[in-house]
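K.L.:
I'd like to ask you about the structure that follows.
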Amino acid sequence: MKDKILQDIKKWYENQKENPDISDFVDLVINKTTNSIFDTVKKELENEFTIGNLEHPFIISSEYYLELKLKEIKKKFIDNYYQNKLDYKKDEEEDGSF
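First residue of the sequence shown? That's 2 in the working numbering, and the numbers climb one at a time after it.
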């Protein structure tokens with residue numbers, strides 16, 4: 002699965018302009034891995050509930066919870082990317098190399 006995702010991402014990147022949007026890149030990676038993650042999380046939650054580690058069923062579905070978490074991760078990733086870009090630009094300006 003990992004190799005297929007990497008191939009799809011490389012193909013996508015090759016078809017992009019000089020500066021692809023990082024948000025599109027994150028969406029692509031998340032979309033390519035979401036189904037596999039959903040299946041794994043669902044199996045683990047069902048197993049934990051069956052063996053008694055979880056005492057009640059979840060109020061929201063595992064798919065919805067995971068979707069919310071993935072959106073949170075995407076936001077953090079994009080925010081960090083742009084912050085690092087700004088920090089790099091600021092460092093270049095301070096060094097006089099900009």
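Each residue gets a CB set at the ideal place from its N, CA and C atoms; glycine is no exception.
By DSSP, does S62 sit in helix, in strand, or in coil?
P.N.:
Locating residue 62 in the sequence shown gives position 61, counting from the first residue. Coil.
K.L.:
Taking one C-beta from the segment 37-48 and one from the segment 81-90 each time, how about it: are there three or more such pairs within less than 8 Å?
P.N.:
Contact between the segment 37-48 and the segment 81-90 is absent, because fewer than three Cβ pairs lie under 8 Å.
K.L.:
By how many angstroms is the C-alpha of S37 removed from the C-alpha of I31?
P.N.:
Locating residue 31 in the sequence shown gives position 30, counting from the first residue. Locating residue 37 in the sequence shown gives position 36, counting from the first residue. Spanning the two alpha carbons is a distance of roughly 10 Å.
K.L.:
Identify, in the order they occur along the chain, each residue of the same chain with its Cβ nearer than 8 Å to the Cβ of F99, setting aside the five sequence neighbours on each side.
P.N.:
Start at 1 with the first residue of the sequence shown, and residue 99 comes out as number 98. Low per-residue confidence applies at F99: pLDDT is 49, beneath 50, and the placement is therefore not dependable enough to give any value.
K.L.:
Between the segment 18-30 and the segment 77-84, do three or more beta carbon pairs fall short of 8 Å?
P.N.:
Cβ pair count under 8 Å is three or more, so yes.
K.L.:
Excluding the five sequence neighbours on either side, which residues of its own chain have a C-beta within less than 8 Å of the C-beta of I10, listed in chain order?
P.N.:
For the purposes of this step, residue 10 is identified with residue 9 of the sequence shown, where counting begins at 1. Only F26, L29, V30 and K33 meet the Cβ criterion.
K.L.:
Express the C-alpha separation of S63 and N48 in angstroms, rounding to a whole number.
P.N.:
Sequence index remark: in the sequence shown, residue 48 carries index 47 (1-based). Sequence index remark: in the sequence shown, residue 63 carries index 62 (1-based). Computed Cα separation, rounded: 13 Å.
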